[in-house]
Structure formats: structure tokens, C-alpha cells
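Numbering (this note's numbering), first residue to last: 2 to 228.
Structure first, then comments.
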């Protein structure tokens, strides 16, 4: 099972969110959020962690938040616990995926008009040919891009892995001998989103349950967690 929670930023509640929640996180995270020059980036970062907090509470595992650690590749994980999670944000949306049994990664991108040729070197020849020959090239690009990003996030090494070193084919790929499956998430027509999971995985294990969280009506008492 993979639980997915997402929400949108709102300028009108930005200061309210900061006042209510920022102090409940470790000082290092507070400093990171306050360094952002754009309120959008600060709120996306904060909402990502609030979505993680919400998902842990849904699972009855809120105590895990205090055991958050980081690997040498800066991938967050919970010490001595197999629960896997991943956070992504782009445009006005933050999204968080959590699984108790699968190693996962998620990536979301707002579909802005770009010059796809700027990213040719990040694609394999087969991937690029598919994108270039697609009737909707922008959509094809974002589909591949979010798949490739989700996979390296699931693997845990991020951009230390050359995006061209592995190929997405029929929603599957291999990195360093490990197989991953991919599934497209239809959340918002203005965004592309994929989730990756380490194989093998049974149909029951990768059932997706998504829930939109309205950040304008967040129940502060429910999400509050003091350190």
C-alpha cells in the first residue's frame, strides 16, 4: 500500500502556517525554511513536512518523526524502521508518498512550456526518440522526466546517478541491478507525476490511495507535534 497526500500553497495563510508550525520542527529545518527568498518555496518546504507528519499520524506512527535521519546522499529516512517516504513539490503543489512495505520515490513537476532540447543529454536515445516523435512533445518529456526523477529518489542516491545511465521502458527500469516499477498519478492536469517502487511488488502492495489536504483549513491541533 502506498498512501499519497498532496496540497496547494496559498499566500493568504503563509504567515499563519509559519507561526503555527515552524517552531515545532528542528532548528535546522526552521533555518532552511526562513532562508528562502520566495514565500512560495518556504511554504512548499513546510507543507511537505506537514504532509509527512499527517501521514505518520494516519498510520499511528507519529513518534517516528523524531527519528528522522539523512543518508550520505541526503535522503531522509527513519532510524531503525522500514517505513519509506518521499516528498516532492513543484509549482503550487506539495506531495508526500508513504509506504510501510515498499521502497518508493515520487516526483511531481508543473508542466511549463520549455525547450525540450535543453534536456536531450539527460535522455537515452530511445527515450529521446520517443519524446521527439510524440504528437505532444511537452507531455512526453514531462512523463519521462518525472519517471526518471522518481526512480533515482526511490533508489536513494538522487542526482549522483546519471539520468542517462538507465532507461525507462514500459513503466520499468533497472539501476545498479535493482528493478523498479513506475505508475503515473493523475492528480492535476497542469502537473506530471509518477511514483516509483522497488520490485518485486504484488498488486496488493502497490495499491495507491491519494488524498488532497486543504492547507487553508488545516486542523492545527491535529497536526501539531512538539519536539
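From the three backbone atoms N, C-alpha and C, an ideal C-beta is built for every residue, glycine too.
Sequence-distant residues of its chain with Cβ nearer than 8 Å to residue i (five each side left out)
i: residue 71; result: 77 and 78
i: residue 37; result: 43 and 46
i: residue 120; result: 142 and 146
Residues of its chain near residue i, where Cβ-Cβ distance is below 6 Å and the 5 sequence neighbours each way are ignored
i: residue 197; result: 106, 151, 152, 155, 181 and 183
i: residue 204; result: Because residue 204 carries a pLDDT of 47, less than 50, the predicted location of this residue cannot be relied on, and the following value inherits that uncertainty. Closer than 6 Å at the Cβ level, and outside the excluded window around residue 204, lies no residue.
i: residue 176; result: 156 and 167
i: residue 93; result: 9 and 10
i: residue 15; result: 40 and 44
i: residue 58; result: none
Under 8 Å between C-beta atoms of residue i and residue j
i: residue 157; j: residue 74; result: yes
i: residue 109; j: residue 89; result: yes
i: residue 82; j: residue 65; result: yes
i: residue 97; j: residue 49; result: yes
i: residue 164; j: residue 149; result: yes
i: residue 144; j: residue 193; result: yes
i: residue 1; j: residue 187; result: One cannot answer for residue 1 here, as it falls past the ends of the chain, which runs 2 to 228.
Residue nearest to residue i in terms of C-alpha spacing, selected from the options
i: residue 17; options: 44, 38, 29 and 9; result: 44
i: residue 199; options: 174, 187, 186 and 191; result: 174
i: residue 123; options: 168, 50 and 110; result: 168
i: residue 214; options: 56, 39, 83 and 33; result: 56
i: residue 2; options: 58, 192, 102 and 93; result: 102
i: residue 99; options: 192, 193 and 7; result: 7
i: residue 189; options: 21, 47, 111 and 149; result: 111
i: residue 51; options: 22, 38, 41 and 11; result: 22
i: residue 10; options: 201, 191, 40 and 147; result: 40
i: residue 5; options: 132, 87 and 113; result: 87
Nearest-angstrom Cα separation, counted from residue j out to residue i
i: residue 128; j: residue 139; result: 13 Å
i: residue 69; j: residue 161; result: 22 Å
i: residue 67; j: residue 118; result: 43 Å
i: residue 19; j: residue 33; result: 13 Å
i: residue 130; j: residue 95; result: 31 Å
i: residue 80; j: residue 53; result: 15 Å
i: residue 31; j: residue 24; result: 7 Å
i: residue 116; j: residue 191; result: 17 Å
i: residue 171; j: residue 201; result: 15 Å
i: residue 133; j: residue 113; result: 17 Å
i: residue 137; j: residue 104; result: 31 Å
i: residue 1; j: residue 35; result: Residue 1 is absent from the structure shown; the chain starts at 2 and stops at 228.
i: residue 29; j: residue 13; result: 25 Å
Own chain, CB closer than 7 Å to residue i, minus 5 neighbours either side, in chain order
i: residue 135; result: 141
i: residue 62; result: 84
Closer than 8 Å to chain B by CB, residue i
i: residue 22; result: Considering every chain present, this structure includes no chain B. It has just one protein chain.
* Asked: Where are the beta strand (DSSP E) runs, 3 residues long or more, that stay fully inside the stretch 120 to 194, in chain order?
  -> Complete beta strand (DSSP E) runs here, min 3: 173 to 176 and 179 to 185.
* To do: Starting from the N-terminal side, write out each stretch of the beta strand (DSSP E) that is 3 residues or longer and does not extend beyond the stretch 64 to 97.
  => Counting whole runs of 3 or more residues, the stretch 64 to 97 contains the beta strand (DSSP E) stretches 69 to 71, 77 to 79 and 85 to 91.
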